[in-house]
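If you read the sequence shown in this note's numbering, its first letter stands for residue 3, the second for the next number, and so on.
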Amino acid sequence: MKLLTKKIKIGNFYIGGGEPIRIQSMTNTKTKDIEATVEQILRLESLGCDIIRVAVPDLDSAKAISKIKSRIHIPLVADIHFDHKLALEAIYNGADKIRINPGNIGDERKVQEIAKEAKRYGIAIRVGANSGSLPKDILQKYKSPVPDAIVEAAIYQVRLLERFEFDNIVVSVKSSDVLTTIKSYEILSQKLSYPLHVGLTEAGTFVAGTVKSSIAIGYLLLRGIGDTIRVSLTDSPEKEVIVAKEILKSLKLRKGVKIVSCPTCARCNVDLLRIANEVENRIQNLDLDITVAIMGCAVNGPGEAKEADVGVACGIGEGLLFKKGKIIRKVKENEIVDELVKEILSLS
3 MKLLTKKIKI GNFYIGGGEP IRIQSMTNTK TKDIEATVEQ ILRLESLGCD IIRVAVPDLD
63 SAKAISKIKS RIHIPLVADI HFDHKLALEA IYNGADKIRI NPGNIGDERK VQEIAKEAKR
123 YGIAIRVGAN SGSLPKDILQ KYKSPVPDAI VEAAIYQVRL LERFEFDNIV VSVKSSDVLT
183 TIKSYEILSQ KLSYPLHVGL TEAGTFVAGT VKSSIAIGYL LLRGIGDTIR VSLTDSPEKE
243 VIVAKEILKS LKLRKGVKIV SCPTCARCNV DLLRIANEVE NRIQNLDLDI TVAIMGCAVN
303 GPGEAKEADV GVACGIGEGL LFKKGKIIRK VKENEIVDEL VKEILSLS
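What follows is the structure, given as structure tokens:
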């Protein structure tokens, strides 16, 4: 059962309080390169990204936010480290949410300034505690970035914001380690009722990062923990969104086409890898809650294809198309992708 958290507004929608789980990513362009940043955000939007975060390392980046915001359609989060004045500038330039790190944002006076202006402009603050950048006193207390240390850092900052009469808060407690991340969120979810942004930090390259993120995020979502997610990869942000969407689809938390395809063996007589990838690329943005089976031979192929909404069971240089459990026609191998996509689109 989903844990019910406080509902807060970010840009043009809400998170928490039973709202759908939102996908977040982060640009890897230079934020002050407005054209490149906008182009990337628009691509991410088309793939299903709900919230976008941009790094704000300098004043030019903060000032670019207003121009970026005017050309995109999803909420924008300004990622702030070290310099609280950049947070203020991001607020003045229209950021929908500010992310601050309790390990490096500075003293209480600086946090108070950020809270005051965020409240005045009606925007949210995410307290993002990371295992790699904990406050020195907490790190000295625990000797290493254990879950209790990460959670304590986050809660300290949350209580500070509350003291300044600010409660439009999102919280995250990330580590690059799967078990540390899971335990941190389990502890935090019992202590706070604010929406939680879930993910690993510095999860790694595509394969390792996808595996680690899927385990941690999937486990937490199954426990009802998490209101927004990010799959952090040393790869393109586009891949982050695609993986995040697959996690949600797999847990039936987001609509989308589910593809069932076999790993192939000596019985396969078509280029199934090409067929499956081409079909996936052409339908990945469809908001259809259907299953498509792409099978390479007659062992499981007809059975899987019949169970799917649309499917193909391949033979020697050809394939049998199925729709709603019935064979509809036989097509040549070079026609399979087009004909299968045509049948998928007919269900939209």
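We put the beta carbon where it would ideally sit given N, CA and C, even for glycine.
In the DSSP assignment, Y16 is bridged to K11. Judged by beta-carbon spacing, I93 lies beyond the 8 Å limit of C51, meaning their Cβ atoms are not closer than that value. For G201, the three-state secondary structure derived from DSSP is coil.
Annotated as proximal: G206 and T236, with beta-carbon spacing under 8 Å. Between S174 and K138, the alpha-carbon positions lie close to 19 Å from each other.
Look at F324 here: in three-state DSSP terms it is strand.
Excluding the 5 residues flanking it on each side, I277 has same chain C-beta neighbours closer than 7 Å at I296, I338, V339, in chain order. The three-state reading of DSSP puts L190 in helix, counting H, G and I together. DSSP places D139 in no beta strand (DSSP E) but in the uninterrupted alpha helix (DSSP H) bounded by 138 to 144. In this structure, DSSP gives Q26 an extended state, which the three-state scheme calls strand. A straight-line Cα-Cα distance of about 12 Å links G20 and L255.
Relative to the Cα of K87, the nearest Cα in the group V58, V153, G134 belongs to V58.
Counting only runs that start and end inside the region 255 to 297, the alpha helix (DSSP H) elements of at least 4 residues fall at 274 to 285. DSSP, reduced to helix, strand and coil, places I107 outside both helices and strands of the structure shown, so it counts as coil.
Rounded to the nearest angstrom, the Cβ distance from V294 to V272 is 16 Å, too far for a contact under 8 Å. Straight through space, the alpha carbons of T266 and K9 are spaced by roughly 46 Å.
DSSP places S215 outside any beta strand (DSSP E); the residue lies instead in the alpha helix (DSSP H), whose first and last residues are 208 to 224. R128 is bridged by DSSP to R101, V172.
Residue state for T33 is assigned as coil, using DSSP reduced to three classes. Here the alpha carbons of K334 and L349 stand approximately 22 Å from one another. Just measuring C-alpha positions, the residue of K251, E341, V200 sitting nearest I219 is V200.
Here G313 is bridged, per DSSP, to A295, F324.
DSSP places I53 in the uninterrupted beta strand (DSSP E) bounded by 53 to 57.
Around the Cβ of R161, a 10 Å sphere holds fewer than 16 other Cβ atoms; the residue is exposed. Under the three-state reduction of DSSP, K251 is assigned to helix. L223 is positioned such that its CB atom lies closer than 8 Å to that of L253. Note that the C-beta distance between S186 and L202 is not below 8 Å. In summary, N95 is buried, with 16 or more beta-carbon neighbours lying within 10 Å of its beta-carbon over all protein chains present. According to the DSSP secondary-structure assignment, A80 is paired through a beta bridge with V56, I100. No residue range can be given for H75, since it is assigned to no alpha helix (DSSP H) and is classified by DSSP as neither H nor E. Between H75 and E47 the beta-carbon gap is near 6 Å, inside 8 Å, which marks them as a contact.
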